[in-house]
């Protein structure tokens with residue numbers, strides 16, 4: 001599939017991608033987590049681009065964030081301080097985990113970019129009052145963006161952006177479902193490059209290219225494999241080698257609840273609802289991350305049903321080192337899986353992970369145990 | 001039918017031959033820089049020692065840190081699986097394994113067939129591994145193979161508070177400066193390393209009987225410190241270092257080629 005190369009290219013050089021988009025008339029607003037309402041940013045005439053660490057050595061960020069902060073947050077700050085994100089016109093920080101909040105403060109105090117917004121989201125997203133509050137937060141965000149761009153965002157702008165983002169979500173959902181039915185039809189490293197690329201490249205380009213991927217997949221011959229079917233659970237996995245290691249060890253990724261995977265494109269915004277309520281509602285219904293609350297066992301219930309629906313043989317937890325919210329959730333998630341007789345194993349990793357020997361040993365043994 | 005197992009560890013390379021469910025022979029040599037060369041050397045020397053040819057071997061499984069480099073092996077399998085199979089072969093009642101090697105330490109839980117039920121492994125950190133003990137032996141000017149014996153003579157074991165090998169080394173150097181007894185420092189080092197390994201064992205809720213494998217099993221002081229921490233005796237055979245290679249040979253006998 002030739003389209004996949006375009007996604008890899010965008011992933012490998014987000015700066016060039018942003019500069020091209022800028023030349024075509026859209027300034028870029030960066031965001032750091034999947035709670036950023038991309039639809040509103042796009043409707044305002046900006047390009048929403050997810051930021052990842054370029055995995056350079058941490059030198060400048062060391063003065064602001066200690067080594068017990070997660071490598072993702074440290075890596076992105078390093079990029080910003082070193083001037084590698086100078087293509088940004090602004091950033092938006094949804095209120096999620098503590099490290100993100102501290103990063104937001106440091107970011108603002110070292111302000112390099114014109115536009116800056118903290119989106120103070122509710123901790124619970126699925127209650128009636130949270131939906132009302134969330135809508136107000138989004139309305140305020142819309143006003144902030146209008147002030148920055150000097151242009152009113154109409155309901156039509158919002159509806160168009162919602163339709164566009166939904167297109168991306170539908171296509172990615174199809175790719176995931178196809179891959180779950182025919183494990184191995186697409187390499188894990190390609191699958192996650194599609195998701196990551198869609199977070200980085202121009203939205204329309206991503207949607208159009210994904211449509212091409214979908215039709216290529218529909219015509220592809222599904223491979224016959226006897227790989228062990230794995231669900232990945234965790235936050236961010238931005239190390240494509242990990243997916244290769246899973247496949248080399250005899251595994252096939254059939255689903256995930258990752259922030260760099262399904263969680264980002266999970267659920268659609270209702271296209272017939274008032275735009276901001278629709279966007280707020282999607283966050284209420286979407287699979288949650290441990291920095292938010294949707295009920296005491298919501299994440300475990302989601303994970304167990306992911307395993308059941310995808311006929312998975314086991315769950316691999318990919319935990320970013322020093323990621324407190326995920327580390328707190330892990331024991332109860334594992335217990336919930338144990339209770340259901342679902343095998344799982346935790347793999348602690350760094351965003352800057354370069355040594356894969358131990359990861360492979362663990363993964364190979366785990367897959368052998370399934 | 002004869003089967004071979006080759007275990008390329010970070011410090012030593014081991015090989016084992018089994019025939020009709022009996023152990024034929026084993027060997028241990030230093031690994032050196034080149035994994036494949038070490039594999040060829042350890043395999044050929046063992047064959048020579050046993051009076052056999054490569055054609056006599058029905059299947060080879062490689063394991064250990066350098067397993068992927070052994071291109072003449074029929075399959076590469078992780079050392080966790082191989083230590084499980086090896087421990088079960090040597091002692092079928094074993095349910096838990098503590099494997100402390102040169103750069104890894106692992107705790108493994110086995111089912112009654114010797115299959116791995118769960119495991120925990122140290123992180124990218126040398127604390128609680130053979131390398132940790134090597135660094136300390138050098139700082140204390142004790143031969144590595146004497147460390148166990150010396151440590152067991154302690155009358156008041158020192159307390160090492162740092163879990164990092166580099167920090168622990170400077171802690172040990174200050175103890176040397178304070179002229180603490182070498183025996184006591186070594187006993188403290190064994191206990192510090194055992195504490196790290198005991199955490200892995202607790203993580204998987206290890207069950208007895210437990211076998212200790214890997215090169216560090218040869219260190220009686222470390223084994224005693226571990227027994228103290230685990231509140232359980234450890235089964236330590238004369239082939240503790242070769243257990244992974246033996247397990248690899250056992251798994252080779254089960255391959256469908």
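Residue numbers (the numbering used here), protein chains in the order written: chain A, 1 to 370; chain B, 1 to 257.
Here a beta-carbon is modelled for each residue, glycine too, at the ideal position from N, C-alpha and C.
Contact between the stretch 304-321 of chain A and the stretch 255-269 of chain A is established, with three or more Cβ pairs separated by less than 8 Å. The beta carbon of residue 176 (chain B) does not come within 7 Å of any beta carbon belonging to chain A, so the residue lies off that interface. For residue 31 (chain A), the beta-bridge partners assigned by DSSP are A:50 and A:92. Around the C-beta of residue 365 (chain A), 16 or more other C-beta atoms lie within 10 Å, and the residue is accordingly described as buried. The three-state secondary structure of residue 196 (chain A), taken from DSSP, is helix.
In its chain, beyond the 5 residues on either side, 2 and 4 have a beta carbon closer than 6 Å to the beta carbon of residue 57 (chain B). In this structure, A:147 is the residue among A:131, A:121, A:269 and A:147 with its C-alpha nearest to the C-alpha of residue 90 (chain A).
Within 10 angstroms of the beta-carbon of residue 120 (chain A) lie fewer than 16 other beta-carbons, which makes it exposed. Ranked by Cα distance from residue 318 (chain A), the options A:51, A:338, A:23 and A:236 are led by A:236. With its beta carbon at least 7 Å from every one in chain B, residue 100 (chain A) lies outside the interface. For the set A:17, A:288 and A:164, the Cα lying nearest the Cα of residue 208 (chain A) is the one of A:164. Excluding five sequence positions before and after residue 85 (chain B), the CB atoms of its chain that fall closer than 6 Å to its own CB belong to 114, 247, 250 and 251, given in chain order. If you check the CB distance, residue 223 (chain B) and residue 234 (chain B) come in under 7 Å.
Residue 222 (chain A) counts as exposed, since fewer than 16 other C-beta atoms from the protein chains shown sit within 10 angstroms of its C-beta.
The Cβ atoms of residue 30 (chain A) and residue 51 (chain A) sit closer than 7 Å to each other. Where residue 217 (chain A) is concerned, there is no enclosing beta strand (DSSP E), although the alpha helix (DSSP H) around it starts and stops at 203-219. Close partners of residue 362 (chain A) in chain B (Cβ separation under 9 Å): 78, 80, 119 and 121. Contact check for residue 244 (chain B) against residue 7 (chain B) passes: the beta carbons are separated by less than 7 Å. For residue 30 (chain B), the enclosing beta strand (DSSP E) stretches over residues 22-30.
Here residue 127 (chain A) carries a coil assignment [DSSP, helix/strand/coil]. Interface annotation, residue 61 (chain B): not in contact with chain A, CB-CB separation never under 7 Å. Minimum Cα-Cα distance from residue 23 (chain A) among the listed residues A:160, A:320, A:218 and A:202 corresponds to A:202. In this chain, the alpha helix (DSSP H) harbouring residue 173 (chain A) covers 155-181.
Counting only runs of 3+ residues, the beta strand (DSSP E) found wholly inside the stretch 101-155 of chain B occupies 105-110 and 116-121, in chain order. Look at residue 68 (chain A) here: in three-state DSSP terms it is coil, with no helix or strand label.
At a cut-off of 7 Å between C-beta atoms, residue 116 (chain B) counts as an interface residue with respect to chain A. Of A:141, A:140, A:125 and A:81, the smallest CA-CA separation from residue 109 (chain A) is found for A:81.
Residues of the stretch 210-244 of chain A with a Cβ closer than 8 Å to any Cβ of chain B: none.
For residue 332 (chain A), the uninterrupted alpha helix (DSSP H) segment begins and ends at 324-339.
Shown here, residue 113 (chain A) sits in coil according to DSSP, grouped into three states, outside any helix or strand. Of the candidates B:151, B:80, B:51 and B:170, the residue whose Cα lies closest to the Cα of residue 135 (chain B) is B:170. Under DSSP, residue 229 (chain A) shares a beta bridge with A:252. Closest in alpha carbon position to residue 27 (chain B), among B:149, B:215 and B:21, is B:215. Measuring C-alpha to C-alpha distances from residue 346 (chain A) to each of A:188, A:330, A:157 and A:230 identifies A:330 as the nearest. Residue-level contact check: residue 365 (chain A) touches chain B, since one or more beta carbons of chain B fall below 7 Å from its beta carbon. With a threshold of 16 other beta carbon atoms within 10 Å, residue 70 (chain A) meets it and is buried.
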